[in-house]
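Colleague: Throughout the sequence shown, residue numbering follows UniProt numbering, covering 1 to 414 in sequence.
All C-beta atoms, glycine included, are put in the ideal place defined by N, C-alpha and C.
Sharing a structure here in structure tokens format.
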Amino acid sequence: MIPLIRTSWLPEVEKPEESPVMTTSWSPELAKLKKSGNDAFGRDLLGCWRVKKKVSVQRSKDFFPKFQIVSEEFCVRCRSPGMRKDTVTNRWVIFSPARARRPSDFKSKSPANPNPKPSECPFCIGHEHECAPEIFRIPPDPTSDWKIRVIENLYPALSRDHKLLPLLQNPNPNSQDFALTGFGFHDVVIETPLHSVTLSDLSPPEVADVLLAYKERIQQLGRHELIKYVQVFKNHGASAGASMSHSHSQIMALPIVPPTVSARLDSMKEYFDRTGKCSLCEIRSEELLIDESTHFISIVPFAASFPFEIWVIPRDHSSHFHELSNEKAVDLGWLLKLMLLKLSLQLNDPPFNLMIHTSPLQVNASQLSYSHWFLQIVPQLTGVGGFEIGSGCYINPVFPEDAAKVLREVNVPM
């Protein structure tokens, strides 16, 4: 029986004067591949090995040409697609390498942030009067130069001035529609007074100061009885949603627990009920590991929704980010800086989103055993289309093990 093959993969062969006899005999190279469980082109269930050098052809009774395999090169496009489910997010992800280039070929081509001159930037030192009111600064002395400022957002998505009241959109008491007033807090963390310095340019202790500023503000917001969840996030690059080039991040405090947060906790609880262990404490795969520090590990998650997505996870079980100690903040600052530099070097300074996934402020004692905070970095390399929006299932063109290997091998001088 003649195996089915794609003729587009065959080398061009001059038509012989007499048609060759079609037999099932194999040349020695192909016989070896067949015995190993691969098909005529070296493809297995994981992918194929392309021949880098032009192959030689034997016009004989063999139906298949002889392949002279000079060197092996893994062909990502022919790797079989697969599906994985994340035990943390409870989300299914489709991995389809045929939709992309080699993992090492990913480079960002997104436009840069709008970049006003320092003389026109409201976040630069000397322009404090152009910003919304300041909440606190580091160092706190108002007479000295600041390193970090936490201010109110001049264009907040939620307002602290509103009272939290329900608004019925439909007078019918049986209606399913329900709304609240736009109460909440929306702050900006200006990470440095220097206009052209990014978060990855800061030293590990300086990155730690930014992390501790997050911690302090979360603790302040947690004292408000109506606040249930605090989201810390950073948008870097216009394609990631940033409107200012001066390095900054944002903090939003909500009177609700967002559905994705509840779904994440439910998924963590399901794993804990089934195994008696925390899903993030159990991550041990060396293939997914990028790097590690004393108190943290960085991985590409097993079911990463996006190519080169990174999670930074505390080694010790911790449910809330604001439990971070000064010592661990410096340790996290070092690893976070390393991850951002690796992404920048490998992917040409891509736009990215950075999020801190912490637990709701009001959790009971039983939830503390399975809720575990982590930091997520998502480079914006592929768009989100109708399938992702409609199904909630993402398509990732890079297998996590491949992305982790590429990032592990990026040499960063620090």
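1) Report, in whole angstroms, the separation of the C-beta atoms of S247 and T198, which I expect to be a contact under 8 Å.
2) Just to confirm my understanding: we take H195, look at its own chain, exclude 5 residues before and 5 after, and list those with CB closer than 6 Å. What are they?
3) Between V378 and M268, is the Cβ-Cβ spacing less than 9 Å?
4) Roughly how many whole angstroms lie between the Cα atoms of G392 and R91?
5) With 16 as the cutoff for other CB atoms within 10 Å, does K85 come out buried or exposed?
6) With C-beta atoms as the reference, is N153 less than 9 Å away from H129?
7) CA-CA distance, T260 and L254?
8) Since A253 sits in a beta bridge, which residues does DSSP pair it with?
9) Please check the pair residue 428 and P307, which I expect to be a contact at CB under 8 Å, by giving their CB distance rounded to whole angstroms.
10) Three-state secondary structure (DSSP) at Y155?
11) Within a Cβ cutoff of 6 Å, which residues of the same chain sit near T192, ignoring the five residues on either side of it in sequence?
12) In terms of DSSP beta bridges, what is S298 paired with?
13) When the distance is taken between beta carbons, is I148 closer than 9 Å to D209?
14) Of the choices D161, L202, N396, whose alpha-carbon is the least far from that of G333?
15) In angstroms, rounded to a whole number, what distance separates the CA positions of S371 and Y155?
16) With a threshold of 16 other CB atoms inside 10 Å of the CB of E327, please say whether the residue is buried or exposed.
17) Under a Cβ-count criterion, where at least 16 other Cβ atoms within 10 Å of its own Cβ denotes burial, should G184 be classed as buried or exposed?
18) Between which residues of its own chain and I290 is the CB-CB distance below 8 Å, once the five residues before and five after are set aside?
19) Would you mind stating whether N364 and G241 have Cβ atoms separated by less than 9 Å?
20) What are the start and end residues of the alpha helix (DSSP H) that includes L368?
21) Give the single residue among Y229, G386, T275, Q250 whose Cα lies nearest to the Cα of S262.
22) Can you name the start and end residues of the alpha helix (DSSP H) that W334 belongs to?
23) Below 8 Å on the Cβ atoms is my guess for T358 versus H317; work out the distance and round it to an integer in Å.
24) Per DSSP, what kind of secondary structure is E130 in: helix, strand or coil?
25) What number of angstroms, rounded off, separates the C-alpha of W49 from the C-alpha of L335?
26) Starting from the Cα of residue 436, find the closest Cα among I395, V412, V207, F399 and give me that residue.
27) What's the call for R217, buried or exposed, on a 16-neighbour Cβ count within 10 Å?
28) Does DSSP classify P379 as helix, strand or coil?
29) When you compare only the Cα positions, how much space is there between S369 and C278?
30) Ordered along the chain, which non-local residues of its own chain (more than five positions away) have a Cβ less than 6 Å from that of E388?
31) Give the straight-line distance between the Cα atoms of A132 and P258, rounded to the nearest whole angstrom.
32) Around the C-beta of L211, are 16 or more other C-beta atoms found within 10 angstroms, so that it is buried, or is it exposed?
33) CA-CA distance, V312 and Q376?
34) In the structure shown, what three-state DSSP assignment does L354 receive?
35) Please identify the residue among G222, S239, I283, D273 whose C-alpha is closest to the C-alpha of Q367.
36) When the Cα atoms are used, what is the spatial distance from L158 to M252?
Modeller: Judging by the given coordinates:
1) Residue 247 sits at position 247 when you count from the first residue of the sequence shown. Residue 198 sits at position 198 when you count from the first residue of the sequence shown. Confirmed, about 5 Å.
2) Locating residue 195 in the sequence shown gives position 195, where the first residue counts as 1. Cβ neighbours of H195 beyond the five flanking positions: P118, C121, C124, H246.
3) On the sequence shown, position 378 is the one that residue 378 refers to. On the sequence shown, position 268 is the one that residue 268 refers to. Contact flag unset, no.
4) What you label residue 392 is simply residue 392 of the sequence shown in a count that begins at 1. What you label residue 91 is simply residue 91 of the sequence shown in a count that begins at 1. So the two alpha carbons sit approximately 8 Å from each other.
5) Along the sequence shown, one-based indexing puts residue 85 at 85. Counting Cβ neighbours within 10 Å, K85 comes out exposed, since fewer than 16 surround it.
6) For the purposes of this step, residue 153 is identified with residue 153 of the sequence shown, where counting begins at 1. For the purposes of this step, residue 129 is identified with residue 129 of the sequence shown, where counting begins at 1. No; because the gap between Cβ atoms is not below 9 Å, this pair is not in contact.
7) As a first step, residue 260 is located in the sequence shown; it is residue number 260 there, counting from the start. As a first step, residue 254 is located in the sequence shown; it is residue number 254 there, counting from the start. Taking the straight line from one Cα to the other gives about 13 Å.
8) The residue you call residue 253 lines up with position 253 of the sequence shown. A253 is bridged to F185, V230.
9) Residue 428 lies beyond the residue range present for the chain, which begins at 1 and ends at 414; the question has no answer from this structure.
10) For the purposes of this step, residue 155 is identified with residue 155 of the sequence shown, where counting begins at 1. Coil.
11) Translated into positions along the sequence shown, residue 192 becomes position 192. Cβ neighbours of T192 beyond the five flanking positions: S247.
12) For this step, residue 298 is matched to residue 298 along the sequence shown. In the DSSP output, where bridge partners are listed per residue, S298 has D291, V312.
13) Locating residue 209 in the sequence shown gives position 209, counting from the first residue. Locating residue 148 in the sequence shown gives position 148, counting from the first residue. Going by C-beta atoms, D209 is nearer than 9 Å to I148.
14) Here residue 333 refers to the residue found at position 333 of the sequence shown. Closest option to G333, Cα to Cα, is L202.
15) Looking up residue 371 in the sequence shown gives position 371. Looking up residue 155 in the sequence shown gives position 155. About 33 Å.
16) Looking up residue 327 in the sequence shown gives position 327. Flag for E327 reads exposed.
17) Counting from one through the sequence shown, the residue named residue 184 turns up at place 184. It is buried - the Cβ of G184 has at least 16 other Cβ atoms within 10 Å.
18) Here residue 290 corresponds to residue number 290 of the sequence shown, with the count starting at 1. Counting only Cβ-Cβ distances below 8 Å, and skipping sequence neighbours, we find S298, I299, V300, I310, M339, K342, A404, L407, R408.
19) As a first step, residue 364 must be located in the sequence shown, where it is residue number 364. As a first step, residue 241 must be located in the sequence shown, where it is residue number 241. Against a cut-off of 9 Å, the Cβ pair of G241 and N364 comes out as no contact.
20) By one-based count along the sequence shown, residue 368 stands at place 368. That run of the alpha helix (DSSP H) goes 365 to 368.
21) By 1-based counting over the sequence shown, the position of residue 262 is 262. Closest option to S262, Cα to Cα, is Y229.
22) Mapped onto the sequence shown, residue 334 falls at position 334. W334 -> alpha helix (DSSP H) spans 326 to 347.
23) The residue you call residue 358 lines up with position 358 of the sequence shown. The residue you call residue 317 lines up with position 317 of the sequence shown. T358 to H317, Cβ: 13 Å. No contact.
24) As a working mapping, residue 130 is identified with position 130 in the sequence shown. It is helical.
25) What you label residue 49 is simply residue 49 of the sequence shown in a count that begins at 1. What you label residue 335 is simply residue 335 of the sequence shown in a count that begins at 1. At W49, the pLDDT of 41 sits below 50, so the modelled position is not reliable; the number obtained from the coordinates is stated separately. One C-alpha to the other measures close to 35 Å.
26) Nothing can be reported for residue 436: it is not among the residues displayed for the chain, which extend from 1 to 414.
27) Locating residue 217 in the sequence shown gives position 217, counting from the first residue. Classification of R217: buried, given that the 10 Å Cβ count is 16 or more.
28) Against the sequence shown, residue 379 aligns to sequence position 379. DSSP places P379 in strand when its eight states are reduced to three.
29) The residue you call residue 369 lines up with position 369 of the sequence shown. The residue you call residue 278 lines up with position 278 of the sequence shown. Each residue's Cα considered, the two are about 7 Å apart.
30) Residue numbering aside, residue 388 sits at position 388 when the sequence shown is read from its first letter. Around E388: Y394.
31) For the purposes of this step, residue 132 is taken as residue 132 along the sequence shown, with counting starting at 1. For the purposes of this step, residue 258 is taken as residue 258 along the sequence shown, with counting starting at 1. When rounded, the distance between both Cα atoms is 27 Å.
32) The residue labelled residue 211 in the question sits at position 211 within the sequence shown. When all chains shown are included, L211 counts as buried.
33) Taking the sequence shown and counting its residues from 1, the one referred to as residue 312 is at position 312. Taking the sequence shown and counting its residues from 1, the one referred to as residue 376 is at position 376. Whole-angstrom Cα-Cα distance: 6 Å.
34) In the sequence shown, the residue the question calls residue 354 occupies position 354. DSSP places L354 in strand when its eight states are reduced to three.
35) Here residue 367 refers to the residue found at position 367 when the sequence shown is read from its first residue. Closest by alpha carbon: D273.
36) Here residue 158 is taken as the residue at index 158 of the sequence shown, counted from 1. Here residue 252 is taken as the residue at index 252 of the sequence shown, counted from 1. The straight-line gap from Cα to Cα measures roughly 8 Å.
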